[in-house]
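Take a look at the structure set out below.
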Amino acid sequence: MYKLIFPLLAASLFLTACGNSGTDKPQTAAKAQAPAPTSVTGTVSLKTPIPLTTAAHLKLQLVNVTLKPSVAIAQSNSPISAVPAPFELAFDPSKIDQNAFYVLEVAIADGERNFVAPRQYPVVTKGAPAKVEVVLAAEPTPSEKLDAEYASLERAIGAMKIARGASEDEASTTAWDGFFDSSGLRYVREITDYGDKGRINTYFAYRDGKPMAVVKENVPAMATRPNAVTRAGWNDQGVLVLKTKRDGSTTTELADNDAKALHDLAVSKFETVSKKKP
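If you use mature numbering (1 follows the signal peptide of the UniProt record, and there is no 0), the sequence shown corresponds to residues -19 to -1, 1 to 259, in order.
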């Protein structure tokens, strides 16, 4: 009996192995014959939700980063009204080199606000997917960068050397403080008092000897807070990036000619106060 069982068992195992081998071959062939992707799809969202305006556009690029410089294989630029939002970027599969690395570059441009990806998203080759979930982060706007630079300068004036001056005429009295660091004049704080007509506080900030920002406050007589504030600021290329005018609870854009007048005033003030370096 034992002599009969062992040959039958061996035959059974052989048939099972043959059956599995026959089943695996079509599966492997099916995987090998899977069609190459012709698009990258996914969803884009924001790390910190911020409403988009009607000017917002979604920019997509499929980029070969193995080449130097990198080359865009496909790209699109389309309006986007809200996030999360689905996207699809079609491409020509014949342009894909399976030995190269590809990344999907995603960004949203919304006026002066840009949203960018803090990380890269590999796609298509080297085992990378053709579908990705993209999360974008907001970059500071040029005006926000200037605000931060101005605030940092204001915090630093306590450690700077100070020069003071004053003047008066029939209608007003003016006093100013100039703050200097090793590079020269950086900040001027000026108060012009018009008596029962109130006063004007003006703050001038400088970068490399050129106007960086001007803040002008109109303060009514007997009041401690301004009822109107005008602000203008320029980046390190001298381009106007901050121009606002607040009157009460209403904020509007400062006219370019008014911003230029503040710039000219800042230049004149620099020429006067920088001569008083302590």
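No residue lacks a Cβ here, since even glycine has one placed at the ideal position from N, Cα and C.
Q | Within 8 angstroms, strictly: CB atoms of valine 84 and valine 44 | A | At a Cβ-Cβ threshold of 8 angstroms, valine 84 and valine 44 count as neighbours.
When you compare each of Pro74, Ala88, Glu151 and Phe68 to alanine 17 by their alpha carbons, which one comes out closest?
The residue with the shortest Cα to Cα distance from alanine 17 is Pro74.
| CB contact below 8 angstroms: alanine 156 versus chain D | The structure shown contains no chain D, having only a single protein chain.
Check your understanding: DSSP state of valine 25, grouped into three classes?
Key -> Three-state DSSP puts valine 25 in a strand.
* Asked: Taking the alpha-carbon positions, what's the threonine 225 to leucine 127 distance?
  -> About 13 angstroms.
Taking DSSP's pairing of strands, which residues face glutamate 171 in a bridge? Partner residues in the beta bridge of glutamate 171, as assigned by DSSP, are Trp157 and Thr183.
field: Exposure of leucine 223, with buried meaning 16 or more beta-carbon neighbours within 10 Å
entry: Answer is buried; the Cβ neighbour count reaches 16.
**Request:** Report buried or exposed for glycine 159, applying the criterion of at least 16 other Cβ atoms within 10 angstroms of its Cβ.
**Result:** Under this definition glycine 159 is a buried residue.
Let me make sure I understand the geometry here. Which of Tyr168, Thr154 and Arg167 has the alpha-carbon closest to that of isoleucine 181? Closest option to isoleucine 181, Cα to Cα, is Thr154.
Less than 8 angstroms between C-beta atoms, sequence neighbours within five positions excluded: which residues of the same chain meet that for leucine 166?
Cβ neighbours of leucine 166 beyond the five flanking positions: Gly159, Phe160, Tyr187, Gly190, Phe251, Val254, Ser255 and Lys258.
- Query: Counting pairs of Cβ atoms below 8 angstroms between the segment 114 to 126 and the segment 54 to 62, do you hit three or more?
  - Reply: Between the segment 114 to 126 and the segment 54 to 62, the count of Cβ pairs shorter than 8 angstroms is below three; the stretches do not touch.
- Task: Taking glutamate 227 as part of the beta strand (DSSP E), name the residues at either end of that continuous run.
- Result: Per the sequence shown, the amino acid found at residue 227 is arginine instead of glutamate. Per DSSP, arginine 227 belongs to the beta strand (DSSP E) from 221 to 228.
Looking at alanine 156 and alanine 147, is the spacing between their C-beta atoms short of 8 angstroms? Cβ atoms of alanine 147 and alanine 156: closer than 8 angstroms.
Going by CA-CA distance only, name the one from Asn80, Ser163, Asn58 and Lys40 that's closest to valine 46. Out of Asn80, Ser163, Asn58 and Lys40, Asn80 has the C-alpha closest to the C-alpha of valine 46.
Mapping the DSSP letters down to three states, classify threonine 232 as helix, strand or coil. Reduced to three states, the DSSP call for threonine 232 is strand.
message = Quick check on the DSSP output: the alpha helix (DSSP H) that includes leucine 134 runs from which residue to which?
response = Residues 123 to 137.
What are the start and end residues of each continuous beta strand (DSSP E) run of 3 or more residues lying completely inside the segment 20 to 92, in chain order?
-> As far as the segment 20 to 92 is concerned, its whole beta strand (DSSP E) runs of at least 3 residues are 20 to 27, 38 to 45, 52 to 60, 66 to 71 and 83 to 91.
Within this structure, are the beta carbons of alanine 90 and isoleucine 31 separated by less than 8 angstroms?
No, these two residues do not count as a Cβ contact at 8 angstroms.
- Item | Local Cβ density within 10 Å of proline 99, reported as buried at 16 or more and exposed below that | The Cβ neighbour count for proline 99, taken over all protein chains shown within 10 Å, is under 16; the residue is labelled exposed.
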